[in-house]
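Add 12 to the 1-based position in the sequence shown for the numbering used here, that's all there is to it.
Cβ coordinates follow ideal geometry from the N, Cα and C atoms, glycine included.
The structure appears right after this line, and notes come after that.
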Amino acid sequence: MVDGANNNTANTLLAGDENEVHQRSMRINRSVDEAYLLAQRDGFSLLDVAIDESRLRNMLDNDSCGAFVSFEGRVRNHNNATSVDRLTYYGYEALAINQGRQIIAAAKNQFEITQAIAIHRIGALEIGDIAVWIGVVSAHRYPAFDACRWILDAIKADIPVWKQEYYQDESSKWLSNNG
13 MVDGANNNTA
23 NTLLAGDENE
33 VHQRSMRINR
43 SVDEAYLLAQ
53 RDGFSLLDVA
63 IDESRLRNML
73 DNDSCGAFVS
83 FEGRVRNHNN
93 ATSVDRLTYY
103 GYEALAINQG
113 RQIIAAAKNQ
123 FEITQAIAIH
133 RIGALEIGDI
143 AVWIGVVSAH
153 RYPAFDACRW
163 ILDAIKADIP
173 VWKQEYYQDE
183 SSKWLSNNG
């Protein structure tokens with residue numbers, strides 16, 4: 013993690029017109045195909061449309077790997093006994109891509125894995141939508157399981173993505189991305 017990155021990111025986002033900042037932080041400045049190519053090349057990308065998990069699985073197909081582990085984080089219909097209607101994720105794309113790339117590189121150095129890919133959604137998500145997807149391949153299962161969990165924890169801690177949760181009573185609340 014870049015020290016102070018999340019604080020600096022928040023200050024940068026708050027510097028502009030609030031509506032413009034919200035709109036800009038919910039859009040990706042590349043095509044869907046480019047986002048997937050970035051994920052395949054660097055291991056991480058943001059996406060503002062539904063995640064195609066089969067496309068990601070195909071990117072990780074490798075005959076030398078005996079283990080494939082994936083994680084899908086989905087939008088659930090409740091949080092702390094409150095009924096949730098939907099979520100909106102906002103992100104700072106340039107910093108998120110850079111930090112995501114660093115997380116994947118660190119995982120490759122720390123664990124005996126062949127490849128890893130992670131994608132985080134931004135924008136409006138409905139109940140059941142995939143918010144984050146992580147896939148890891150390795151020769152053996154233990155490094156793949158360990159790396160997948162480590163990558164998820166690092167993404168939750170270090171990627172500049174903010175979550176606004178909307179409730180069935182029409183109220184909303186900003187939440188940290190590490191829950």
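Going by alpha carbons, who is nearest to Ile115 out of Ser43, Arg69, Cys160?
As a first step, residue 115 is located in the sequence shown; it is residue number 103 there, counting from the start. Minimum Cα distance to Ile115 is reached at Cys160.
Original post:
Of all the beta strand (DSSP E) runs that stay within the bounds of the stretch 37-80, which reach a length of 3 or more residues?
Top reply: 56-59
### Task
Evaluate Ala78 with the Cβ neighbour count: other Cβ atoms within 10 Å of its Cβ, from every protein chain shown; 16 or more gives buried, anything less gives exposed.
Taking the sequence shown and counting its residues from 1, one reaches residue 78 at position 66. Checking the displayed sequence, the identity of residue 78 turns out to be Gly instead of Ala. Counting Cβ neighbours within 10 Å, Gly78 comes out exposed, since fewer than 16 surround it.
What residue range does the alpha helix (DSSP H) around Glu105 cover?
In the sequence shown, counting from the first residue as 1, residue 105 sits at position 93. In the DSSP assignment, Glu105 falls within the unbroken alpha helix (DSSP H) covering 105-122.
For the stretch 162-180 and the stretch 108-124, state whether three or more C-beta atom pairs, one from each stretch, are separated by less than 8 Å. yes
* Cα-Cα separation between Asp45 and Asp60, rounded to whole angstroms -> Residue 45 sits at position 33 when you count from the first residue of the sequence shown. Residue 60 sits at position 48 when you count from the first residue of the sequence shown. One C-alpha to the other measures close to 12 Å.
Practice problem: Would you be able to state if there are at least three C-beta pairs under 8 Å between the stretch 53-69 and the stretch 92-110? | Solution: yes
Tell me whether the stretch 175-183 and the stretch 66-86 touch, counting them as touching only if at least three CB pairs, one residue from each stretch, are closer than 8 Å. no
- Query: What is the C-beta distance between Leu99 and Tyr178, in whole angstroms, given that I count them as a contact (C-beta under 8 Å)?
  - Reply: Start at 1 with the first residue of the sequence shown, and residue 99 comes out as number 87. Start at 1 with the first residue of the sequence shown, and residue 178 comes out as number 166. Distance from Leu99 to Tyr178 at the Cβ level is roughly 7 Å; contact confirmed, criterion being Cβ atoms closer than 8 Å.
- Query: Taking the C-alpha atoms as reference points, what is the distance between Tyr138 and Asp97?
  - Reply: The count along the sequence shown starts at 1 and reaches residue 138 at position 126. The count along the sequence shown starts at 1 and reaches residue 97 at position 85. A quick correction: the sequence has Glu, not Tyr, at residue 138. For Glu138 and Asp97, the distance between alpha carbons rounds to 7 Å.
What would DSSP say about Asp141, mapped onto helix, strand or coil? Taking the first residue of the sequence shown as position 1, residue 141 is located at position 129. Coil.
Inter-residue Cα distance where the pair is Tyr102 and Pro155: Your numbering for residue 102 matches position 90 in the sequence shown. Your numbering for residue 155 matches position 143 in the sequence shown. Roughly 31 Å between the two C-alpha positions.
*Taking the CB atoms as reference points, tell me whether Ile142 and Arg86 lie closer together than 7 Å.*
Looking up residue 142 in the sequence shown gives position 130. Looking up residue 86 in the sequence shown gives position 74. Yes, the pair counts as a contact, with Cβ atoms nearer than the cut-off.
According to DSSP, simplified to helix, strand and coil, what is Asp181?
For this step, residue 181 is matched to residue 169 along the sequence shown. Reduced to three states, the DSSP call for Asp181 is coil.
Buried or exposed (CB count within 10 angstroms, at least 16 for buried), Asp73 = Translated into positions along the sequence shown, residue 73 becomes position 61. Classification of Asp73: exposed, given that the 10 Å Cβ count is below 16.
In this structure, how does DSSP classify Arg88 when only helix, strand and coil are distinguished?
Here residue 88 refers to the residue found at position 76 of the sequence shown. Reduced to three states, the DSSP call for Arg88 is coil.
>> At the level of alpha carbons, what is the spacing between Ala130 and Ile146?
In response: Along the sequence shown, read from residue 1 onward, the residue named residue 130 stands at position 118. Along the sequence shown, read from residue 1 onward, the residue named residue 146 stands at position 134. Separation of Ala130 and Ile146 (C-alpha to C-alpha, rounded to the nearest whole angstrom) is 4 Å.
Using a Cβ-Cβ cut-off of 6 Å (strictly less than) and excluding sequence neighbours within five positions of Met13, which residues of its own chain qualify?
Counted from its first residue, the sequence shown places residue 13 at position 1. Interpretation of Met13 is limited by its pLDDT of 40, a score under 50 that renders its predicted location unreliable; the figure taken from the coordinates is listed afterwards. Here the set comprises Asp170.
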